[in-house]
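Sequential numbering of the sequence shown, starting at 341, is according to our numbering.
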Amino acid sequence: MTAGPQAGPSTAGAPLDEVRLDVTGMTCASCANRIERKLNKLDGVQASVNYATEAATVRFDPTRVDTDRLLATVGAAGYSATLPAPPDDGDPVPDAPAPEAGLRQRLIISAALTLPVVLLSMIPALQFDNWQWLVLTLASPVAVWGAWPFHRAAVVNARHRASTMDTLVSIGISAAYLWSLWALFLGDAGMSGMRMSFTLIAEQGAGSHEIYLEVAAAVTVFLLAGRYAEARAKRRSGAALTALLELGAKDAAVLREGREVRVPIGALAVGDRFVVRPGEKIATDGVVVSGSSAVDMSMLTGESVPVEVGTGAPVTGATVNAGGRLVVEATRVGSATTLAQLGRLVTRAQSGKAPVQRLADRVSAVFVPIVLVLALGTLVTWLLVTGDATVAFTAAVAVLVIACPCALGLATPTALLVGTGRGAQLGVLIKGPEVLESTRRVDTVLLDKTGTVTTGQMSLLEVAGPPDTLRLAAAVEAGSEHPIARAIVAAAGDLPEVEGFSSEQGIGVRGRVSGRDVVVGRASAMPGPVPADLAVVVDRAEGAGQTAVLVAVDGAVTGVCVVADTVKPTSAAAIARLRELGLAPVLLTGDNPGAAAAVARSVGLDPDRGEVVAGVLPAGKVDVVRDLQARGRVVAMVGDGVNDAPALAQADLGLAMGSGTDVAIEASDLTLVRADLDAAVDAVRLSRRTLAVIKGNLFWAFAYNVALIPLAALGYLNPLLAGLAMAASSVLVVTNSLRLRRFRSSADGA
């Protein structure tokens, strides 16, 4: 994984707090880069500032710096920062006006004033005596008031001895406007019979007869239009996360002394019992204590088919009760809920930076000063070569306008916004932008069997041994969370108490039941040999792909419990799709070779070609990952249990099923909220598609500047067209990113 931004002094060993700051006043990637540098100069701070999300993600040592210092540092850089507002208590709040509303008004007025300016300046037939003074009257509000956001930002940056895109724009517009004033009041352009025509290349000898009011006005309108389109697109690209966070219920019908009392979501506490009627959203994460129904989980998993739930079943907040009346006991509230966790994961991903973006940041940090030097050099060179101020001025202004690095700064964050937002809608959560690079390089995918390829819902098929075999085995297994243990316990009924319970992960469990020492697990856990009659049962079960669990009582193996899992219906097709993506799938399981081979063949894997690794303990799974990495393979691991967490962390790319444990999810790079392998396919496809869009955006942003700056410097580009091209490039990049909103799940035939 690529490291984040470096703090000034080392923060090694110090526990770091993390805070997100909402930043206002940024107008381009250079602004974000400057704020980031200022924050990272603070002692014990690691900051990443994202222009598209208008936020700074800051990790800091609270013993050396506090949030007030962070806010003050952003303010000292010439911008404003605030801490995010706390979540509301469920009361409705009035809709805030769209942030681009003021920009839209400025654009409309400026465009209305500019249209006659451009027509009069470019079409000689429309030019009457003293037309230029009408043009000055119309263009002045545009060049001053319309372009005020650029002028204001340029002045603020100048006060802090910095330059950004707004510096280039402000200088370009001001130069065109001031030149026109000089030509009108001190030159020959103010004469009554003055006429002017539009040319792509400035004419030598025009001198003080030329005015550039149409350039000042039209460039302002083009750039305002580009910024308005950019603001709208950024809001749309973050809409998926906004929609996700707004899915939660606003209140709940809590049972208080046998009566239903409506309370805001913020007033819910763990242990509260609340009623969910048909059609209502489940208020928060909990467990059903009475009733049965079908729950629409589409907001969480992307699957439209409701899931049946009954007493004891876990339910997730913001999902919809589609059937009967439920009474649910809250187990998680507030920031601990699944919905809140999903929101944090998506926000973290959108706030980060991919490695390719850091290159763009380094370029934009030095780009504006270089362009200012280029523009000055262009002006001086043309003056020395031709002696014509008009040609020199035109070329210099064109360089200033065409070089604005807006597209460069938007290339990565807009694609990340849209990609991660679309992923959230499909049940794929990308933890950070660095993950995108990993998905491109992965060539091998290890698949945990239980709960990943199979349902993980095992059932007891057979018990061999004395009548009390199942009762004793279940009593000990009741202390384990393993799917096999749950199947044995579910089939046993009432159980006696167990003393001295202990578990050896991946091998077995033991305890004392009714005065007898009981061991349940693999053959390696047994205190003695397996009798021949029981060995026959074990061999038959393993040959059929089932799992045989041995039971020993008081030092002797006395019984066998045979359990079986079922393969998820989507697994075979998903594994075929993984192959189509160029990935080599391998089934990795702690189960016996016979059971593993049977499952593998049912989903299209060939044990004879090394596509199954069976009988592997949790530590062994890590060794398998390391062995493949040592052989030059780039490994992805898909799992869902605590025993998968080490392998998920070791793998180059870890994908955790959201149905799994918090430990597995924390250790992974991608979380698959849908508990099937199709989600893994979607995760890889979406990550690769997002990375491809980012690289495409960066290519066009770089190519645009590399190709057009020389043309402008050589005098082959009119400033009017330069402004149009610059605005169009930003809109093109954002529009290209928005194509990710049309990404479809592989399960839909995409």
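Just so it is clear, CB atoms sit at the ideal spot from N, CA and C, and this is done for glycine as well. Computed from a predicted model, the values in this text were never measured in an experiment.
Taking a cut-off of 8 Å for Cβ pairs, the region 1031-1045 and the region 755-770 touch, as three or more such pairs fall below it. The beta carbon of E358 lies closer than 6 Å to those of R399 in the same chain, with the five residues before and after it left out.
Only residues of its own chain outside the window of five on either side were considered, and among them G885, P947, V952 and A954 have a CB closer than 8 Å to the CB of A937, listed in chain order. Straight-line spacing of the CA atoms in L1061 and F468 works out to 25 Å. Contact annotation: A529 and I551 have beta-carbon atoms nearer than 8 Å.
Beyond the five residues adjoining it in sequence on each side, A904 comes within less than 6 Å, by CB distance, of L801 and Q886 in the same chain, given in chain order. In the three-state DSSP reduction, M977 falls in the strand class (E or B). Taking a C-beta distance under 8 Å as the contact criterion, L714 and A1053 qualify as a contact pair. Around R567, the same chain offers L443 as residues with beta carbons nearer than 7 Å, after the five sequence neighbours per side are excluded. In the DSSP assignment, E648 falls within the unbroken beta strand (DSSP E) covering V647 to V649.
Between the C-alpha atoms of Q797 and G960 there is a straight-line separation of about 24 Å.
Excluding five sequence positions before and after R971, none of the CB atoms of its chain fall closer than 8 Å to its own CB. With a 10 Å radius around the Cβ and a threshold of 16 neighbouring Cβ atoms, P424 comes out exposed. When secondary structure is reduced to three states using DSSP, E844 falls in the strand class. V829 and V902 have their C-alpha atoms roughly 13 Å apart. C-alpha of G717 to C-alpha of L723: approximately 10 Å in a straight line. Taken in chain order, the unbroken stretches of alpha helix (DSSP H) that lie wholly in the region 900-943 and span 4 residues or more are 911-920 and 933-942. Annotated three-state conformation of D948 is helix, per DSSP. Counting the other CB atoms within 10 Å of its CB gives D992 a total of 16 or more, which places it among the buried residues. Partner residues in the beta bridge of N390, as assigned by DSSP, are A395.
Between the alpha carbons of L478 and L563 lies a gap of roughly 18 Å. For I770, the beta-bridge partners assigned by DSSP are L1010.
Ranked by Cα distance from V635, the options G619, W485 and R826 are led by G619.
Around the CB of A872, fewer than 16 other CB atoms lie within 10 Å, so the residue is classed as exposed. The three-state secondary structure of N470, taken from DSSP, is coil. One thing to note: A593 has its Cβ no nearer than 8 Å to the Cβ of I622. Taking 8 Å as the cut-off, the Cβ atoms of Y419 and M366 count as close.
Rounded to the nearest angstrom, the gap between the Cα atoms of T754 and L835 is 57 Å. The C-beta separation of E394 from V363 comes to about 6 Å, placing the pair in contact by the 8 Å criterion. In terms of CA proximity to L810, L890 leads the group Q765, T678 and L890. Contact check for A804 against L874 passes: the beta carbons are separated by less than 8 Å. When rounded, the separation of the alpha-carbon atoms in V610 and V482 is 58 Å. In the DSSP annotation of this structure, the continuous segment of the beta strand (DSSP E) that includes M997 starts and ends at L993 to M997.
Boundaries for F1083: no beta strand (DSSP E) harbours it, and the DSSP string shows neither H nor E there. Taking 8 Å as the upper bound for CB-CB distance, G868 and A892 are in contact here, some 7 Å apart. For A1023, DSSP assigns no beta-bridge partner whatsoever.
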